[in-house]
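Participant: This is the structure I have questions about; it appears just below.
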Amino acid sequence: MKIEILGTGCMKCKRLAKNVEKAVAELGVTAEIEKVEDITAIVDRGVMLTPALIVDGELKVSGRVADVAEIKEILQGGN
Amino acid sequence: MADQPTCTCGQNEKKRIIFPCAGQANTGQIANLAAVELTEEGFGSTACVALLATGAEGVVKNAKNADEVVVIDGCPMSCAKKIAEAQGIPADQHLVVTDLGVAKGPSKAYTDDDIETVVEAAWEGRGKTENKSAPEEKKPGNGNCGCGCGGKC
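Taken in sequence, the protein lines are chains A and B. Numbered per the numbering used here, the first sequence spans residues 28 to 106. Numbered per the numbering used here, the second sequence spans residues 48 to 200.
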């Protein structure tokens, strides 16, 4: 599983990254987590609102910080 | 020089109102400071629980219009939660500082780590009492992101 966290490094992006790390740890899944902070790389992925969460190439959350429970649901394929 | 990209972070964030108990013990003060930090980070807007207790129309209306009501109590007395409920405002997320591993008193002292513990718990949604659907996604707008970046993100 590849998880990308998109955001230019503001506090909300950091909070989303922390929540993702916690969700991955709680689920015990193996995931490659990449933080994408370059604005051009973010726009290239079609994301206009940050922070954003992409899982296996699919945009799941954009423009807000998802909480741990929501991220776990996403990672389990429920969203 | 090209225009800077519009700050768009956090535009789909829920509209949250935060009521810290602001009690006199260290844990009450931590609750208050955590609410201030959460406001600065763009999580929501802190409001006065003492004003809420008076039944002030404006704050009651704001709370009822919020997507999520977040109550931060210092200890299991849960005074802020009881005040909110007395005004017909149930908490969507209720955090109790002592439940997060911070001991109440006898000292009034606290650390930045104590505050961060509460702030982190709120962002994680650890005090959620029910699941609400995510807010409607918005399109990029006027750059009033409220994320605390000062328009630089």
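C-beta atoms are modelled at their ideal positions from N, C-alpha and C, and glycine is treated no differently. The model shown is predicted, which means the values in this text are computed figures rather than measured ones.
On the CB-based measure, 16 or more other CB atoms within 10 Å of its CB, does residue 104 of chain A come out buried or exposed?
Facilitator: With fewer than 16 Cβ atoms within 10 Å of its Cβ, residue 104 of chain A is classed as exposed.
Participant: What is the rounded straight-line gap between the Cα of residue 97 of chain B and the Cα of residue 113 of chain B?
Facilitator: Those two C-alpha atoms are separated by around 18 Å.
Participant: Does any C-beta atom of chain B lie closer than 8 Å to the C-beta of residue 87 of chain A?
Facilitator: At least 8 Å separates the CB of residue 87 of chain A from every CB of chain B.
Participant: Residue 58 of chain B touches chain C at which residues, Cβ-Cβ below 7 Å?
Facilitator: Looking for chain C here will not work: the only protein chains present are A and B.
Participant: State the Cα-Cα distance for the pair residue 143 of chain B and residue 136 of chain B, rounded to the nearest angstrom.
Facilitator: 17 Å
Participant: Quick one: what's got a C-beta closer than 7 Å to residue 83 of chain A's C-beta in the same chain, skipping five residues either side?
Facilitator: 28, 29
Participant: Please identify the residue among A:38, A:101, A:79, A:61 whose C-alpha is closest to the C-alpha of residue 91 of chain A.
Facilitator: A:79
Participant: Three or more C-beta pairs under 8 Å: does that hold for the region 119-136 of chain B against the region 62-71 of chain B?
Facilitator: yes
Participant: Please list, in chain order, all residues of the same chain as residue 75 of chain A whose beta carbon is under 7 Å from its beta carbon, the five residues on each side excluded.
Facilitator: none
Participant: Along the chain, where does the beta strand (DSSP E) containing residue 91 of chain A start, and where does it finish?
Facilitator: Residue 91 of chain A -> no beta strand (DSSP E), and no H or E assigned at all.
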